[in-house]
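Peer 1:
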Amino acid sequence: MGAPRSRPSAAQLRNGSTAGFARGATPIGARRAPRAARTGAIRLTNLHHHPTNARVRTDELATLDATAQAELVRLRALTPRELVDAAIARIERVNPRLNAVITPLFDDARAAAVGPLPDGPFTGVPFLLKDLIATYAGARMTAGAAVLRDYVPQYDSELVRRYKRAGLIVVGKTNTPEFGIPPTTEPVAYGATHNPWDPSRSPGGSSGGSGAAVAARMVAMAHGNDGGGSIRIPASCCGLFGLKPTRGRTPLGPDHGDVMSGLVCEHAITRSVRDSAALLDATAGPDIGDPYWAPPSLRPFLQEVGADPGRLRIGFSTRATVGVSVHPECERAVRDAAQLCAELGHSVEEAAPAFDDVVLTRAFITLYAASAAKNVAALERGGLRTTREQFEPITWALHEMGTQVNAGTYLLALQDLQRVARDVARFFITYDLWLTPVLSEPPLPLGALDAGWEEPLKGFFRAGEICPFTPICNATGQPAMSVPLHWSADGLPVGSHFVGRFGDEATLFRLAAQLEAARPWAGRRAPVSA
């Protein structure tokens, strides 16, 4: 037998550090809580995002981040089934007003919660999957499209396997626009998702269902993917933390080596910085046969949370390179974030990378059009005869555009994007981070990007005006994050966008944790929430 293990201190619980503490085992001197206590009130000390010495009821679990929920399971204060049942109750109570979860997996989740679970960092914690790219065996994956309504894969994607190994329990799948194209979540087939801060507004997209679910406290964190801002945009619109990792940091297999030649990556939308870091630790690294992968981190990302970032050199800009106007609230959010960084001791000045935004935009549209054509071609290869009536106008119009892209044009677009990536990378010789708005406007009213067959790409080009900043990082492959530091005068969240060097999520996590401590956001509660 080894040396006795002591109960973790309040500071360890608060900071999420339980090194040397046996996961899944009852600590020495602790007792499993009586059944009545576990279904009612539970005495906790300094769990993250909860007052000291508070009594937590199962209907108050919504206030805890995923790390704290996992700690409850580890301390045997709650069972995974109790966490799952509480999350399901929150979804059933709030989702009818938001339409964030479109495929409940409640029976599967309850069965998983009472079965054997792996010993991971999030054992027993409820989780939601975005209904795009990440396949879950036995659950439909629609990609927001009516044409895929009955598609049920019989295998887990590698990312989902890693989620399960981390101990997460998937309780459902979240809404997404058709094939994840626009930066709002309003698919014709499944209906619009509403923003918990103002249900008349968009939660962003394409991970808008996940963003709305986390903001409404259905779960503490949810899966997302990002091909032009689709993690960061909903994080901004919903007042959450959203990190897009470095290209190749997380796997896309077995179906994909990459998506859109490296524009797309996967991670999650969370309320706390430490949840994002710990989840990335659990999922990062190449899959067998991946065409490329991100540089390995020097140490676990969770160890960066709370680490001293040093005196960072931060360049900030509020002007969009494509020349669109930026809403005063979005500019105010950036300048306020810049001031906060300066108060924290960082060197902050106005500066921006020099690159050709026209070349970037043209190449980006080429890849998006080619991707739409590929999606339709994949359906046809699978035996489906497609017609335009099966798709939304934006999807079919991009498909038709994509069928006109020849091999030479596609390769030139890749060459142009790689040139832009080199131009942007030079900026990071001088600066550690680049700070910009996430979006050029606060969350849009639902329907703002609607387009009919007479002008099918109207919403697509309007989306380019709304999202002039986030696609840059998909083109370059750099990590970037939306941090919820500002709310508009009418109560809408407006995120601040920090871009790091390629492969350097560590600096982003260090700064994010510092900002989270200086201006906590977890206590803010959306009007529509559990």
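Number 453 in this note's numbering belongs to position 239 of the sequence shown; there are no gaps in the numbering. Beta carbons are placed, not taken as given, at the ideal position from N, Cα and C, and that holds for glycine.
1) Please go through the same chain and pick out, in chain order, the residues whose beta-carbon is closer than 7 Å to the beta-carbon of H560, but skip the five residues on each side of it.
2) If V548 and P651 are in contact, beta carbons under 8 Å, what's the gap, nearest whole angstrom?
3) Under the DSSP definition of a beta bridge, which residues are partnered with S710?
4) For S223, is the classification buried or exposed, using 16 other Cβ atoms within 10 angstroms of its Cβ as the cut-off for buried?
5) The beta strand (DSSP E) with E614 in it runs from where to where?
6) Assuming D495 and A434 are in contact, meaning their beta carbons sit under 8 Å apart, how far apart are those beta carbons, in whole angstroms?
7) Please classify L625 as buried or exposed, where buried requires at least 16 other C-beta atoms within 10 Å of its C-beta.
8) Between which two residues does the alpha helix (DSSP H) containing T484 stretch?
9) When the distance is taken between beta carbons, is N389 closer than 7 Å to T398?
10) Please identify the residue among E614, R415, A301 and A732 whose C-alpha is closest to the C-alpha of K588.
11) Could you tell me which residues DSSP pairs with H437 in its beta bridges?
12) Can you find at least 3 beta carbon pairs, one from the stretch 562-574 and one from the stretch 634-654, that sit closer than 8 Å?
13) How is the beta strand (DSSP E) around V385 delimited, first residue to last?
14) Counting C-beta neighbours from all protein chains within 10 Å, is the total for N620 16 or more, i.e. buried, or is it exposed?
15) Expressed to the nearest angstrom, what Euclidean distance is found between the alpha-carbon atoms of I643 and L663?
16) According to DSSP, which residues form a beta bridge with E797?
17) What does the Cβ neighbour count give for R461, buried or exposed, with the cut at 16 atoms within 10 Å?
18) Short check: CB of A508 to CB of R463, under 7 Å?
19) In chain order, what are the residue ranges of uninterrupted beta strand (DSSP E) at least 3 long that sit wholly in the stretch 626-696?
20) Given 8 Å as the limit, is there contact between the stretch 434-450 and the stretch 412-425, that is, 3 or more CB pairs closer than that?
21) Short of 8 Å in beta carbon distance, which residues of its chain neighbour T617, apart from the five on each side in sequence? Order them along the chain.
22) When the Cα atoms are used, what is the spatial distance from A627 to L331?
23) Report all residues from its chain with a CB closer than 6 Å to the CB of A521; omit the five preceding and five following residues, and keep chain order.
24) Shortest alpha-carbon distance to P505 belongs to which of T484, L729, A482 and D472?
25) Does the distance between the C-beta of P391 and the nearest non-hydrogen atom of the ligand ATP fall short of 6 Å?
26) Quick one: using the 10 Å Cβ neighbour count with 16 as the cut-off for buried, is V713 buried or exposed?
27) Given a cut-off of 7 Å, decide if G709 and S450 are closer than it, judged by their beta-carbon atoms.
28) Measure from the alpha carbon of M432 to the alpha carbon of each residue in G394, G386, R415 and D469, then state which is nearest.
29) When we look at the beta-carbon of V374 and count the other beta-carbons within 10 Å, is it buried (16 or more) or exposed?
30) Roughly how many angstroms lie between the CA atoms of V697 and H711, to the nearest whole one?
31) Alpha carbon to alpha carbon, how far is W648 from W735? Give it in angstroms, no decimals.
32) I'd like to know whether the C-beta atoms of L671 and A611 end up nearer to each other than 7 Å.
33) Below 7 Å between beta carbons: does that hold for P682 and V573?
34) Using the three-state DSSP reduction, which class does T281 fall into: helix, strand or coil?
35) Measure the alpha-carbon distance for S414 versus L292 and round it to whole angstroms.
36) When you compare only the Cα positions, how much space is there between A436 and A592?
Peer 2: For this structure:
1) The beta carbon of H560 sits closer than 7 Å to those of R525, L526 and I528, all from its chain and outside the five residues before and after it, given in chain order.
2) 5 Å
3) P651 and V697
4) With a pLDDT of only 36 at S223, under the threshold of 50, the placement of this residue in the model should not be trusted; the figure read from the coordinates follows. So S223 ends up on the exposed side.
5) First-last for E614: P607 to G616, but that is the alpha helix (DSSP H), not the beta strand (DSSP E).
6) Not quite, the Cβ-Cβ distance comes to about 16 Å (not below 8 Å), so this is no contact.
7) exposed
8) Note, T484: premise wrong, no alpha helix (DSSP H); beta strand (DSSP E) at C479 to T484.
9) no
10) Ranked by Cα distance from K588, the first of E614, R415, A301 and A732 is E614.
11) A482
12) yes
13) Counting along the chain, the unbroken beta strand (DSSP E) around V385 starts and ends at I383 to T388.
14) Result: exposed.
15) 38 Å
16) The structure shown does not extend to residue 797, since the chain is modelled only from 215 to 744, so the question has no answer here.
17) buried
18) yes
19) Correct list: 647-651.
20) yes
21) A587
22) 46 Å
23) Counting only Cβ-Cβ distances below 6 Å, and skipping sequence neighbours, we find R724.
24) D472
25) No copy of the ligand ATP occurs in the structure displayed, which carries no ligand at all.
26) The C-beta of V713 has 16 or more other C-beta atoms within 10 Å across all chains shown, which makes the residue buried.
27) In this structure, G709 lies closer than 7 Å to S450 by Cβ.
28) G386
29) buried
30) C-alpha of V697 to C-alpha of H711: approximately 7 Å in a straight line.
31) Rounded to the nearest angstrom, the gap between the Cα atoms of W735 and W648 is 22 Å.
32) yes
33) no
34) helix
35) So the two alpha carbons sit approximately 37 Å from each other.
36) 27 Å
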